[in-house]
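Be aware that the sequence shown starts at 7, since it is given in the numbering used here, and climbs by one per residue.
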Amino acid sequence: MTSPAVVLVGPPGSGKSTVGRVLAERLGVGFRDTDADIEEQAGKPIPDIFVDDGEPHFRALEAAAVRTAASNHPGVLALGGGAVMAEPTRELLRPLPVVFLEVPLADAVKRVGLDAPRPLLAVNPRARWRELMEARRPLYLEVATAVVDTAGRTPEQVADAVLEALELKTPHD
């Protein structure tokens with residue numbers, strides 16, 4: 007079993023995929039996004055999974071994708087925003103180097119546009135994003151080894167903060 011070097015969690019728009027790619031490059035490891043794994047396995051985009059098969063089916067696919075990636079990906083792993091809702095996933099994450107990328111609503115709106123095809127944000131996206139964060143923030147904090155605030159920071163600055171928070175060295179250090 008190989009564990010990830012870093013696991014990134016946080017809400018939509020926190021920069022998990024963008025920062026994850028920067029981190030992977032700096033650490034000289036691979037990058038993996040469980041949302042991409044789910045889409046590949048299902049053969050369709052996540053919004054279509056929600057519409058065609060329902061959220062419970064999506065969450066089952068998500069839990070399986072996280073379990074697989076967390077046990078065999080040695081690089082940087084980005085999880086979907088809701089992955090932490092499943093207790094078995096939180097159990098799996100506890101011993102891993104997990105970083106919660108915290109983002110203010112205004113920054114998330116700029117990054118995601120909140121008109122992108124995100125099924126849980128389809129109706130009244132700002133209010134829905136706040137509701138999701140109220141429900142998920144304690145879970146992000148529960149699994150997090152470190153919390154990095156992304157407000158006003160570039161992906162490179164966030165990656166620096168993640169490396170510092172986890173005391174990770176890059177091949178160039």
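The beta carbon of each residue, even a glycine, is placed where N, CA and C say it ideally should be.
Query                                                                                                                                                                              : Result
Mind reading off the beta-carbon distance from G81 to A11? Whole number of angstroms is fine, and I expect it under 8 Å.                                                           : 6 Å
Confirm, please, whether the CB-CB distance from V109 to S20 is below 9 Å.                                                                                                         : yes
Could you name the residues of the same chain whose beta carbon sits closer than 8 Å to that of V105, not counting the 5 residues immediately before and after it, in chain order? : V12, V13, L14, V15, A150, T151, A152, V153, V154, V168, A171 and L172
Skipping 5 residues on each side, what residues in its chain have a beta carbon closer than 7 Å to that of A165?                                                                   : V25, V28, L29 and R32
Report yes or no: do the region 69-88 and the region 37-46 share at least 3 C-beta pairs separated by less than 8 Å?                                                               : yes
Please report the distance separating the alpha-carbon of L120 from that of E148.                                                                                                  : In this prediction, L120 scores a pLDDT of 49, lower than 50, which makes its location untrustworthy; the coordinate-derived value is nonetheless stated afterwards. One C-alpha to the other measures close to 26 Å.
Mapping the DSSP letters down to three states, classify T8 as helix, strand or coil.                                                                                               : strand
Pull up the CB-CB distance for R142 and M91, whole angstroms please, since I reckon it's below 8 Å.                                                                                : 7 Å
Assuming A76 contacts L107 (C-beta within less than 8 Å), just tell me the rounded distance between them.                                                                          : Between L107 and A76 the Cβ distance is about 17 Å, and since that is not below 8 Å, they are no contact.
Here's a check: name, in chain order, each residue in its chain whose Cβ is nearer than 6 Å to the Cβ of P17, leaving out the five neighbours to either side.                      : G87 and M139
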